[in-house]
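2 protein chains.
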Amino acid sequence: MANIYDVAKQANVSIATVSKVLSNTPYVSVPTRERVLQAVRALDYTPSLAARALTGNRTYIVGLVIPYDPTYLFSDPFLMEEIRGVDDAVTSHDYNLLLSTASRSLAVNQTNQQSAYARLLRTGYADGAITFETFEGDAPAHQLETAGLPRVSVGYAGQQAVANVVHSDDYAGSLELVRYLLQLGHRRIGVISGPANFMQAMNERLRGYQHALAAYQLESDPQLVAYGDFTSESGYVAAGQLLALQYRPTAIFAMNDRMAIGAMRRAQEMGLQIPTDLSVAGFDDVPLSVAIDPPLTTVRQNAFVMGHTAATLLFNLIENPTKTFDSVVLPTELIIRGSTAPPVG
Amino acid sequence: MANIYDVAKQANVSIATVSKVLSNTPYVSVPTRERVLQAVRALDYTPSLAARALTGNRTYIVGLVIPYDPTYLFSDPFLMEEIRGVDDAVTSHDYNLLLSTASRSLAVNQTNQQSAYARLLRTGYADGAITFETFEGDAPAHQLETAGLPRVSVGYAGQQAVANVVHSDDYAGSLELVRYLLQLGHRRIGVISGPANFMQAMNERLRGYQHALAAYQLESDPQLVAYGDFTSESGYVAAGQLLALQYRPTAIFAMNDRMAIGAMRRAQEMGLQIPTDLSVAGFDDVPLSVAIDPPLTTVRQNAFVMGHTAATLLFNLIENPTKTFDSVVLPTELIIRGSTAPPVG
DNA sequence: ATTATGTAGTTAAGCGTTTTCCTATTTCCT
DNA sequence: AGGAAATAGGAAAACGCTTAACTACATAAT
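Note that the protein sequences, when read in sequence, are chains A and B. Every letter in the first sequence is one number past the one before it in our numbering, and letter 38, counting from 1, is 38. Every letter in the second sequence is one number past the one before it in our numbering, and letter 113, counting from 1, is 1113.
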């Protein structure tokens, strides 16, 4: 592979000049620049990122830190959509994405009990990082913070790292949806949440749920809250629990669409007509939500925009590290479709 | 951030010794080793990957080259499953994944069309690469090949790069499925293929289809072949075309499940009962295939295993570049569910 | 006693860039 | 015409690491 010396020799200049041409530094004559460019093309030269990184320059890599189980990660269309947003922004800035999922620590240095991503990012290969905050009290973001690496989080930051986060307005979205169900006349509204205390976003949505109820002088019945793990299957199971209650809910609000779809399937198998016998609503608005029968009422959050926004903000931060922000909250939108209706009776 | 000199000073040894300790090179006394490790811990030292890469050593990064439009990429569950397999193998080897999609910005720039990933990988940051071969006559793999970078392709290699590929036995899978449809009694079997000449896999499946027909002395009617783009929507549209034919097919074989699902929806909207009035079959066996009604008959290919296998083979190749192989063909499995039945009449 | 052998650790030469001085021309004012 | 300023290009240090080559010493073999 050709290096800068080869190019310099071919163009009959010093390596410094080659470097200058390539970095658009002024004070290089047009003929010289042309000659260098010619040589670059002829030799198919690409500067070594490693060498560049070593001189303290940019690596043009940003880390994507995803502390989830990859099994879960890659099967969630909503999450993939977020990643797609990140990827879009990253590639259009001619950066590259280093994927860093949850894994065991590296063997190179067992003494440091750091997770793979932390090591990788501290290692100097990334110019910045995007983390997917989900666990409360997120260590990752904080670690990166102290490592001095520009960082933006998608989701909520825990108590440690409060700045530079972007997330949807989960509270408001949930509030709006539940208020809508209440207006339809529902009074017993079951909830299928994510894993207990797993994500801050879930807490926010629960808060919205409770506030909406409170406005109607209703208290939230703990029996009406079931827990799933975001998969369609878990929604199926959770719906089974809720529908087995003696005072069966007339509506179910699942905190993501996949669980809502699972819940619908369960209800239908029990012979319940949707939305006549049971209203079902979700959260996210994944593509599948329109394709099912009946189409799902849900709260749309724009995952792509979230990811894209996060990445864009990260580039700001990389260019000007003092340019921190607190949090960017993206609006949600209530999408009313066929899976919800007034309760019978 | 502490560097190797800091550690050396703290441990009162030379940097060479530090390096040796960290790379488990012999001929370092136990006390010295301890002292160095102590210092490493105290200073929270992590070797710079950039510097390591520069000395010609490993970067512990493998590139994942995906020459698709990211919009498509991140919405295909089958592809995600392949990636998950790659990721699993990669992280369990303590490597990292560098995502390299088709960059929009560069796609615009005609001159270096595919250089988004190529540049990155040739740049010396990756120890190897996994490419998702799809286009016939795939330049990416070939470029990497000539760049001397260990490479394994998921999918079929084009005419240029024939070695180191892993893919499903698309031909056999298709053959088996169509044979099954023929045995049920179907004689007019419509096909919804992917984009014409887009992927070698599609050609293989078409070949299987034709051979199965040939065994029954049937010729393939060009009218019976429609084309989609793998999305559910395109399956919906293509099914519309096929079902508008005067000699309507009694069965439709869509070359992925999503298109099959779209086709089913279209048929149902036209008032056709599945499988009574029309049999529908897919390919892949994505999770959704069991969830729909009726559940989809399909050809299962194990995407996770494919990705995992490719990555594992890549690591072999990285360790021993002479250890090339030709191709690994993974078996498929015919999964018979409720969407297929003998034709009426 | 003398030489080989094995062990422990150091020196220094890269790896391929970027970047900070430098030097040498031009060009431009006055 | 003479010098300042702008322009053009080069020399060399630095970035942090690995590794080959080397020194020094202790021990084993002859």
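The beta carbon of each residue, even a glycine, is placed where N, CA and C say it ideally should be.
- Along the region 1022 to 1036 of chain B, going in chain order, the ones with a CB nearer than 7 Å to a CB of chain A are Leu-1022.
- Nearest CB-CB separation between Asn-1096 (chain B) and chain A: below the 8 Å threshold.
- Within the model, the alpha-carbon separation for Pro-222 (chain A) versus Gln-273 (chain A) is close to 25 Å.
- The closest CA to that of Thr-1297 (chain B), considering only B:Ile-1015, B:Ser-1168, B:Gly-1173 and B:Thr-1025, is found on B:Gly-1173.
- When DSSP states are grouped into helix, strand and coil, His-1167 (chain B) belongs to the strand group.
- Within the region 1234 to 1263 of chain B, no residue places its CB atom closer than 7 Å to a CB of chain A.
- Assigned with DSSP and collapsed to three states, Glu-1333 (chain B) falls in strand.
- Taking a contact to require three or more Cβ pairs closer than 8 Å, the region 171 to 188 of chain A and the region 331 to 338 of chain A qualify as touching.
- Residue-level contact check: Tyr-125 (chain A) touches chain B, since one or more beta carbons of chain B fall below 8 Å from its beta carbon.
- The beta carbon of Val-1152 (chain B) lies closer than 6 Å to those of Ile-1130, Asn-1164, Ala-1310, Leu-1313 and Leu-1314 in the same chain, with the five residues before and after it left out.
- Apart from sequence neighbours up to five positions away, the residues of its chain that approach Asn-1316 (chain B) with a beta-carbon distance below 8 Å are Lys-1323, ordered along the chain.
- Less than 8 Å separates the beta-carbon of Tyr-1236 (chain B) from that of Arg-1265 (chain B).
- Under the three-pair Cβ rule at 8 Å, the region 190 to 202 of chain A does not count as touching the region 287 to 294 of chain A.
- Between the beta-carbon of Ile-1066 (chain B) and that of Ser-1100 (chain B) there is about 7 Å, and that keeps the pair under the 8 Å contact cut.
- In the three-state reduction of the DSSP assignment, Ala-238 (chain A) falls in the helix class, which pools H, G and I.
- For Leu-54 (chain A), the neighbours in chain B by C-beta distance under 8 Å run, in chain order, Ser-1048, Ala-1050, Ala-1051 and Leu-1054.
- For Gln-268 (chain A), same chain residues with a beta-carbon under 7 Å away, outside a window of 5 residues either side, are Ile-274 in chain order.
- A Cβ-Cβ contact shorter than 8 Å links Ala-1126 (chain B) with Gly-1063 (chain B).
- Around Ile-1004 (chain B), the same chain offers Ile-1015, Val-1018, Ser-1019, Tyr-1045 and Pro-1047 as residues with beta carbons nearer than 8 Å, after the five sequence neighbours per side are excluded.
- Rounded to the nearest angstrom, the gap between the Cα atoms of Gly-271 (chain A) and Val-1154 (chain B) is 44 Å.
- Under the 8 Å criterion on CB atoms, Ala-267 (chain A) is classed as non-interfacial with respect to chain B.
- For Leu-149 (chain A), the closest Cβ of chain B is not nearer than 8 Å.
- The beta strand (DSSP E) runs of length 3 or more contained entirely in the region 1185 to 1250 of chain B are, from start to end of the chain, 1189 to 1193 and 1225 to 1227.
- With a beta-carbon spacing of about 4 Å, Gly-307 (chain A) and Glu-82 (chain A) fall inside the 8 Å limit used to define contacts.
- In this chain, the alpha helix (DSSP H) harbouring Asp-88 (chain A) covers 77 to 92.
- With 16 or more other Cβ atoms from the protein chains shown falling within 10 Å of its own Cβ, Pro-343 (chain A) counts as buried.
- Taking a 10 Å sphere around the C-beta of Tyr-180 (chain A), we find 16 or more other C-beta atoms and assign the residue as buried.
- Per DSSP, reduced to three states, the secondary structure at Asn-302 (chain A) is coil, with no helix or strand assignment.
- Using a Cβ-Cβ cut-off of 7 Å, Ala-310 (chain A) is close to nothing in chain B; its nearest Cβ partner there is about 15 Å away.
- Judged by DSSP in its simplified three-state form, Thr-309 (chain A) adopts helix.
- Residue contact check for Leu-1296 (chain B) against chain A: no CB pair falls below 8 Å.
- Nearest in C-alpha terms to Gly-1228 (chain B), of all of B:Ile-1252, B:Arg-1248, B:Pro-1195 and B:Tyr-1060, is B:Pro-1195.
- In this structure, His-1186 (chain B) places its C-beta atom within 8 Å of the C-beta atom of Thr-1250 (chain B).
- Closest by C-alpha distance to Phe-1132 (chain B), out of B:Gly-1124, B:Ser-1234, B:Val-1166 and B:Pro-1150, is B:Val-1166.
- A straight line joining the alpha-carbon of Leu-1054 (chain B) with that of Arg-52 (chain A) spans about 10 Å.
- Linking Ala-1214 (chain B) to Asp-1326 (chain B) through their CA atoms gives a straight-line distance of about 29 Å.
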